[in-house]
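Enquirer: Okay, handing you the structure first.
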Amino acid sequence: MGFFDFIPYSRNLRCGFVLIPICIILGFVSIILRTILLISRVATYYYVYSTEQEFYVIECTIDVCLDVFGTFTDICLVFGAVTKRAKFIEIYLFLILLVIIFFLTSHFGSSPQSVIFFVVYIVFKFCCFMCAHSLNEYWKEESQNHMELD
37 MGFFDFIPYS RNLRCGFVLI PICIILGFVS IILRTILLIS RVATYYYVYS TEQEFYVIEC
97 TIDVCLDVFG TFTDICLVFG AVTKRAKFIE IYLFLILLVI IFFLTSHFGS SPQSVIFFVV
157 YIVFKFCCFM CAHSLNEYWK EESQNHMELD
């Protein structure tokens with residue numbers, strides 16, 4: 037029994053879309069959005085690193101590491117869905133859970149824009165997580181049915 041087996045899943049989304057293309061699209065959208073976010077924050081990072089304010093340097097370094105880690109998880113999702121390898125989807129599930137937990141604990145600001153970004157990000161990542169989880173459980177069920185037929 038796996039770590040995520042207690043979470044409900046669906047073979048198809050309610051619209052009738054198949055999960056593999058949805059996971060690929062969500063992975064690419066996430067990579068693009070994360071890249072745009074990194075590019076938009078380059079000026080801030082440059083300013084912080086040039087002034088060498090210790091607290092902000094540490095915070096920005098953590099942000100950059102989290103973004104690189106998040107990009108790696110999105111690449112795992114896309115690669116796992118394209119090659120139909122459940123191991124990469126399982127890696128994605130564990131890593132994105134860590135990214136979400138870290139984001140929940142460290143990126144909550146007080147401005148309204150920050151709260152809106154926070155909610156949108158969490159909802160988007162939750163959708164990515166649920167699609168990847170559903171795909172993984174579907175593949176597990178499919179392999180069990182195939183083993184029973186043999």
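In this text, residue positions in the sequence shown follow the numbering used here: the first is 37, and each later residue adds one. Heads up, the beta-carbon is just placed ideally off N, CA and C, and yes, glycines get one too. Here the structure is a predicted model, which means the values were calculated and not measured.
Nearest CA to the CA of D103: which residue from L134, V151, A168?
Expert: The shortest C-alpha separation from D103 is found at L134.
Enquirer: Check whether the stretch 58-65 touches the stretch 114-126, taking contact to mean three or more Cβ pairs, one atom from each stretch, closer than 8 Å.
Expert: The stretch 58-65, when compared against the stretch 114-126, does touch it at the 8 Å Cβ threshold.
Enquirer: Please name the residue, chosen from K120, Y81, S76, that lies closest to C59 on a Cα-to-Cα basis.
Expert: Of K120, Y81, S76, the residue nearest in Cα terms is K120.
Enquirer: Is the separation between the beta-carbon of I136 and that of A168 shorter than 8 Å?
Expert: In this structure, A168 does not lie closer than 8 Å to I136 by Cβ.
Enquirer: When the Cα atoms are used, what is the spatial distance from I75 to V155?
Expert: If you take the alpha carbons of I75 and V155, they lie about 21 Å apart.
Enquirer: Short check: CB of I72 to CB of T109, under 8 Å?
Expert: No, these two residues do not count as a Cβ contact at 8 Å.
Enquirer: Relative to the C-alpha of V118, which candidate in Y82, S179, L171 has its C-alpha closest?
Expert: Closest by alpha carbon: L171.
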